[in-house]
Amino acid sequence: MNTVSPVVTCDDSLRAGQDRGTACQFGHPSGWVGAVVGHLMAVKNLSMNRLVVELLDVKPEDAVLEIGFGPGQAIKLLAERTPAALVAGIDPSAVMVRQATRRNRQWIATKRIELHPASVASIPLPNGSLTKAFAVNSFHHWDNQRQGLMEVRRVLRPGGTLLLCLRMHLPKPWWDSAPGLTDEQVEQAEQMLRESGFGAVRSAEHSVGRRVVCLTGRSM
2 MNTVSPVVTC DDSLRAGQDR GTACQFGHPS GWVGAVVGHL MAVKNLSMNR
52 LVVELLDVKP EDAVLEIGFG PGQAIKLLAE RTPAALVAGI DPSAVMVRQA
102 TRRNRQWIAT KRIELHPASV ASIPLPNGSL TKAFAVNSFH HWDNQRQGLM
152 EVRRVLRPGG TLLLCLRMHL PKPWWDSAPG LTDEQVEQAE QMLRESGFGA
202 VRSAEHSVGR RVVCLTGRSM
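Numbering (my numbering), first residue to last: 2 to 221.
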């Protein structure tokens, strides 16, 4: 089996024009800087979160997981759109868990939403308990993407859908470059999904203020 290099790392973001601290704070926000980053993500990712909610097309009978929920904006949009569906989320950042809990307090109280301080490497949910899983701008922050994909496949039912949406890299002058995935990294991610047991893998580009790619695969 061929190996696929990591899609993107903190060092990739550093080369793309971000300092290491900023790049890694977006992956695992902590402290007061992480709290500020969370509020920034709520603004910067709003259009992407709305896109993802549309693409997921969640039904009342669905059980959905967000991987790396950040400030909890997408989860809130899902709960508002489809009140009967069950929505869960995992994020390793205590700062993000607090922000997402505040944003979704009413849904958590009615047990419509459950948030877990956890990593994608060890999802605290039973086998085959989900119909859909998604991640918005977080796949490139997973410590072990292949292991994470295998774990997502474990908690998805056969035929369940995984949706990964990420910004594409915008080449600009070195002092103002916008980090994101390259076309080559998208191809690597597609191959990684196939090697991790996902079928019907495809990618589609969208424009939500900038170029975005969304990858989908079905658990086999």
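Every residue gets a Cβ at the ideal spot worked out from N, C-alpha and C, and that includes glycine. Predicted model, so just to flag it, every value in this text is computed and none were measured.
| query | If Ala-119 sits next to Pro-125, beta carbons under 8 Å apart, how far is it from one beta carbon to the other, in whole angstroms? | reply | Position 118 of the sequence shown holds residue 119. Position 124 of the sequence shown holds residue 125. The Cβ separation is near 5 Å, so the contact holds.
| Range of the contiguous beta strand (DSSP E) that encloses Val-121 | Residue 121 sits at position 120 when you count from the first residue of the sequence shown. Looking at the DSSP string, Val-121 is not in any beta strand (DSSP E), and its letter there is neither H nor E.
| Under the three-state DSSP convention, the category Gly-210 falls into | Mapped onto the sequence shown, residue 210 falls at position 209. In this structure, Gly-210 counts as coil in the three-state DSSP scheme.
| query | Under 8 Å between the Cβ atoms of Met-193 and Leu-150? | reply | Here residue 193 refers to the residue found at position 192 when the sequence shown is read from its first residue. Here residue 150 refers to the residue found at position 149 when the sequence shown is read from its first residue. Between Met-193 and Leu-150, the C-beta spacing is below 8 Å.
| request: Buried or exposed for Thr-102, please, with buried defined as at least 16 other CB atoms from any protein chain shown within 10 angstroms of its CB. | output: Sequence index remark: in the sequence shown, residue 102 carries index 101 (1-based). Classification for Thr-102: exposed.
| task | Check each candidate in Thr-183, Ser-139 and Leu-87 and name the one with the smallest Cα separation from Asn-46. | result | Counting from one through the sequence shown, the residue named residue 46 turns up at place 45. Nearest C-alpha to Asn-46 among Thr-183, Ser-139 and Leu-87: Ser-139.
| Chain-order list of residues whose beta-carbon lies under 8 Å from that of Met-2 (same chain, five-residue window excluded) | Looking up residue 2 in the sequence shown gives position 1. For Met-2, the predicted model reports a pLDDT of 33, less than 50, meaning its position is unreliable; a value from the coordinates is still stated below. Within the same chain, Met-2 has close Cβ partners Glu-196.
| request: Evaluate the contact criterion for the stretch 155–169 versus the stretch 196–214: three or more CB pairs, one atom per stretch, below 8 Å. | output: Because the criterion of three Cβ pairs below 8 Å is met, the stretch 155–169 and the stretch 196–214 touch.
| said: So, for Arg-158: in the same chain, excluding its five sequence neighbours on each side, which residues have a beta-carbon less than 8 Å away from its beta-carbon? | reply: Indexing the sequence shown from 1 puts residue 158 at position 157. For Arg-158, where only same-chain residues beyond five positions count, the Cβ hits under 8 Å are Gly-129, Ser-130, Leu-131, Thr-132 and Ser-220.
| Arg-113 and Ala-80 closer than 8 Å at C-beta | Your numbering for residue 113 matches position 112 in the sequence shown. Your numbering for residue 80 matches position 79 in the sequence shown. Closer than 8 Å, so yes.
| field | Among His-141, Ser-48 and Pro-84, the one whose alpha carbon lies nearest that of Val-187 | value | Here the question's residue 187 lines up with position 186 in the sequence shown. With distances taken between Cα atoms, Val-187 lies closest to His-141.
| For Arg-168, which of helix, strand or coil comes out of DSSP? | Sequence index remark: in the sequence shown, residue 168 carries index 167 (1-based). The answer is strand: DSSP assigns Arg-168 an E or B state.
| query | Which same chain residues, not among the five before or five after Glu-1, have their C-beta less than 7 Å away from its C-beta? | reply | No answer is possible for residue 1: the residues shown for the chain start at 2 and end at 221.
| request: Return the CA-CA distance between Leu-87 and Pro-61, expressed in angstroms with no decimal places. | output: For the purposes of this step, residue 87 is taken as the residue at position 86 of the sequence shown. For the purposes of this step, residue 61 is taken as the residue at position 60 of the sequence shown. CA-CA distance, Leu-87 to Pro-61, rounds to 8 Å.
| task | Evaluate Asp-177 with the Cβ neighbour count: other Cβ atoms within 10 Å of its Cβ, from every protein chain shown; 16 or more gives buried, anything less gives exposed. | result | Counted from its first residue, the sequence shown places residue 177 at position 176. For Asp-177, the predicted structure reports a pLDDT of 43, less than 50, and the residue's modelled location is therefore unreliable. A value from the coordinates is still provided. Only exposed fits Asp-177, as fewer than 16 other CB atoms lie within 10 angstroms of its CB.
| field | Range of the contiguous beta strand (DSSP E) that encloses Lys-133 | value | By 1-based counting over the sequence shown, the position of residue 133 is 132. Unbroken beta strand (DSSP E) run through Lys-133: 131–137.
| message | In the DSSP assignment, the beta strand (DSSP E) including Glu-67 goes from what residue to what residue? | response | Stepping through the sequence shown from its first residue, residue 67 is reached at position 66. 64–68 is the extent of the beta strand (DSSP E) around Glu-67.
| Of all the options Glu-55, Gly-160 and Gln-148, which has the alpha carbon lying nearest to the alpha carbon of Ser-199? | On the sequence shown, residue 199 is found 198 positions in, with the first residue counted as 1. As written in the sequence, residue 199 is Phe, which differs from the Ser given in the question. Nearest C-alpha to Phe-199: Gly-160.
| request: Give every residue of the same chain whose Cβ lies closer than 7 Å to the Cβ of Ile-76, excluding the five residues on either side of it in the sequence, and list them in chain order. | output: Indexing the sequence shown from 1 puts residue 76 at position 75. Glu-67, Phe-70, Val-88, Gly-90, Ala-101, Asn-105 and Ile-114, listed in sequence order.
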